[in-house]
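With the working numbering applied, the sequence shown has no gaps in its numbers, which climb one by one up to 414 at the end.
All C-beta atoms, glycine included, are put in the ideal place defined by N, C-alpha and C.
To start, the structure itself, in C-alpha cells.
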Amino acid sequence: MADAIRLCYHQPDFAIIAREQYLDHAARNLTSMMRTVFWDYEDDTVKMIDQRLLPFVLEVAEFDDYREVARAITEMYVRGAPAIGASAAFGMALAAHQSRAGDRETLIKELEQAAETLNAARPTAVNLSWAVNRQLKTAHSEQSESVSDIRHALLDAAQKIADDDVQLNRRMGAHGAELVSDGATILHHCNTGALATVDWGTALGVIFSAHEQGKNIHVLVDETRPRLQGAQLTAWELQQRGIPFDVIADNAAGHFMRTGQVDIVLVGSDRTAANGDVANKIGTYKLAVVAKENGVPFYPVVPTSTIDLNLAEGDLIPIEERSPDEVLCVAGNRVAPDGASARNPAFDVTPHRYVTGIVTEAGIIYPPFVKNLRAAVEKEQGRT
Ligand code: MRU
Numbered sequence: 031m032a033d034a035i036r037l038c039y040h041q042p043d044f045a046i047i048a049r050e051q052y053l054d055h056a057a058r059n060l061t062s063m064m065r066t067v068f069w070d071y072e073d074d075t076v077k078m079i080d081q082r083l084l085p086f087v088l089e090v091a092e093f094d095d096y097r098e099v100a101r102a103i104t105e106m107y108v109r110g111a112p113a114i115g116a117s118a119a120f121g122m123a124l125a126a127h128q129s130r131a132g133d134r135e136t137l138i139k140e141l142e143q144a145a146e147t148l149n150a151a152r153p154t155a156v157n158l159s160w161a162v163n164r165q166l167k168t169a170h171s172e173q174s175e176s177v178s179d180i181r182h183a184l185l186d187a188a189q190k191i192a193d194d195d196v197q198l199n200r201r202m203g204a205h206g207a208e209l210v211s212d213g214a215t216i217l218h219h220c221n222t223g224a225l226a227t228v229d230w231g232t233a234l235g236v237i238f239s240a241h242e243q244g245k246n247i248h249v250l251v252d253e254t255r256p257r258l259q260g261a262q263l264t265a266w267e268l269q270q271r272g273i274p275f276d277v278i279a280d281n282a283a284g285h286f287m288r289t290g291q292v293d294i295v296l297v298g299s300d301r302t303a304a305n306g307d308v309a310n311k312i313g314t315y316k317l318a319v320v321a322k323e324n325g326v327p328f329y330p331v332v333p334t335s336t337i338d339l340n341l342a343e344g345d346l347i348p349i350e351e352r353s354p355d356e357v358l359c360v361a362g363n364r365v366a367p368d369g370a371s372a373r374n375p376a377f378d379v380t381p382h383r384y385v386t387g388i389v390t391e392a393g394i395i396y397p398p399f400v401k402n403l404r405a406a407v408e409k410e411q412g413r414t
C-alpha cells in the first residue's frame, strides 16, 4: 500500500523537536524583527522566508541573482500580492547590484531585461508590474550618470516600497478594524497576513488590528485548496498571535454563512479593476455570492497599489493557470488516479455588485467604485 502513496512535489520533512524550536524562533522573529522579504545589507542579498515549508519549518532563502528572485516568485517561495511586489522591487535592486555595466546606458538596458524577467514571474498580482515599473522609472529619472548612484537609488526605492507597505498595512488595519465588532466571527480566505505582505498584512492585518484593540474575535479560516494557504499559513500566523480560530474546509463556508455563524467576510486582492471588480484567490467569488445571498458583508482589503485603473473591469484581469499537480495532489500526496487531468485557475474575479466596500489605506471605499477608487488612488499617489 505504501508504494501507492506518491509524492507530487517536494514536501518538507520535519521532526517534532525541530518544529517546536522553529515555531518559537518564528514567533519571536515574525512579530518583532523578521520581514517576509528584505535586503540584507551585510552581504547585499535578498532574503525571504521560504513559505513552501511552513508551518513546520521556518527557513530563510537567500538570493544573489535577480533571475532566482523571479523563480522564487513563480515557485511561491514568496506569494501574496504586496510581498510579490516588494520582492520584485528588491529583484530590480539586485539586478543593478549584480551588473558589471560601466555606463548608465548599459545598466539601463540590463535593468529593462531584468524587468521583463521579473514581470513574467506571475501574471495576476498587479503589484509585480507596479513595483518593477516604479523601479524602471527610478532608474530613468536618476539624474546622475554614475552607475553606482543608480544602484543606490534602486536599493533606496526598493527599501521604500517595503517600508511603505508595512506602514500602509497598519493604516488599512486601523480603517478595517472599524468594521469588526467585539464578539465578531470573521470568515477569511487564503493568506493575507505578514507572509503575504512585507509585514502585518491586508485582510489578516485588519484582524490583527481588531485583536490588538482588545476585541474578542474568532476567525473561520478557509483551508484554501489547492495550495492550502489558509490551513498552512493563516492558521500559523493566527496561532503566533494567540487569536482564536478554526480551520474549515472551503466547502463548509456556505454552511457557516447560511446558519448565521459569520458576521463579516474579509479577503485580499491580487488586482482590483477600476470598477471595483476584485481578482483574488480561487474560491473568493463563490464566497462573495453566498455572502450576499445571506446578508453577510463582504469586504476586500486592498492597498491602492493593487488597484489597476488601466483595466475597466475584472474580465480584463489575466488569471494565472498553475500546474494540474496542485489539484491532483493534496499536501504533496497524489489523490487522483493516474491519467486524470485537472484545471487549476489560481484566481477568480468577483464582480463589484457583490462587494460591500473596499478597505484601502486611504479609507473604506463604497460605491460608486469607479469614481471613489480613482479618488483614493490619486490621493495616495499625491502622498508618495
Ligand atoms: O497565490 P497566492 O498565495 O499568491 O495568492 C494570494 C492571494 O490570493 C491573496 O489573497 C492576495 O495576494 C492578497 S493578500 C495580501
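By the 16-neighbour rule on beta-carbons within 10 angstroms, H382 is buried. DSSP, reduced to helix, strand and coil, places L358 within a helical segment of the structure shown. Distance from the Cα of A155 is smallest, within the candidate group Q128, I278, M106, A169, for M106. Sixteen is the threshold: since fewer than 16 other Cβ atoms of the shown chains lie within 10 Å of the Cβ of A370, the residue is exposed. Relative to the non-hydrogen atoms of the ligand MRU, the Cβ of R109 comes within a distance shorter than 6 angstroms of at least one.
According to the DSSP assignment, G206 belongs to the alpha helix (DSSP H) that extends over 177 to 207. By the criterion of a C-beta distance shorter than 6 angstroms, S335 is surrounded in its chain by N157, W160, once the five residues flanking it on both sides are discounted. Nearest neighbour of R109 by Cα position, chosen from T222, E351, S239, Y384, turns out to be T222. Non-local C-beta neighbours of Q291 in its own chain, meaning closer than 7 angstroms and more than five positions away in sequence, comprise T215, ordered along the chain.
G235 and M202 have their C-alpha atoms spaced approximately 8 angstroms apart.
Comparing alpha carbon positions, the residue from V379, K190, V320 closest to G344 is V379. If only complete runs of 3 or more residues are kept, the segment 369 to 395 shows the beta strand (DSSP E) at 377 to 380, 388 to 390, 393 to 395, in order along the chain. Its chain contains I247, R271, I273 as the residues whose beta carbon lies nearer than 7 angstroms to that of H241, once the 5 sequence neighbours on both sides are disregarded; these appear in chain order.
The segment 110 to 119 and the segment 67 to 82 touch, with no fewer than 3 CB-CB distances between them shorter than 8 angstroms. Assignment of F86 by DSSP, reduced to helix, strand and coil, places it in the coil class.
Burial state of V297 is buried, judged by a 10 Å Cβ sphere holding 16 or more other Cβ atoms.
The segment 254 to 291 contains, as complete alpha helix (DSSP H) runs of 4+ residues, the segments 265 to 271, 283 to 288 (chain order). Taking the C-beta atoms as reference points, V332 is found nearer than 7 angstroms to S299. Distances from the alpha-carbon of V228 to those of V385, D73, P112, L84 put P112 closest. When distances are taken from the beta-carbon of A204 to the heavy atoms of the ligand MRU, even the shortest one reaches 6 angstroms or more. If you check the C-beta of P112 against the ligand MRU, you find a heavy atom less than 6 angstroms away.
Taken through DSSP and simplified to helix, strand or coil, R301 comes out as strand.
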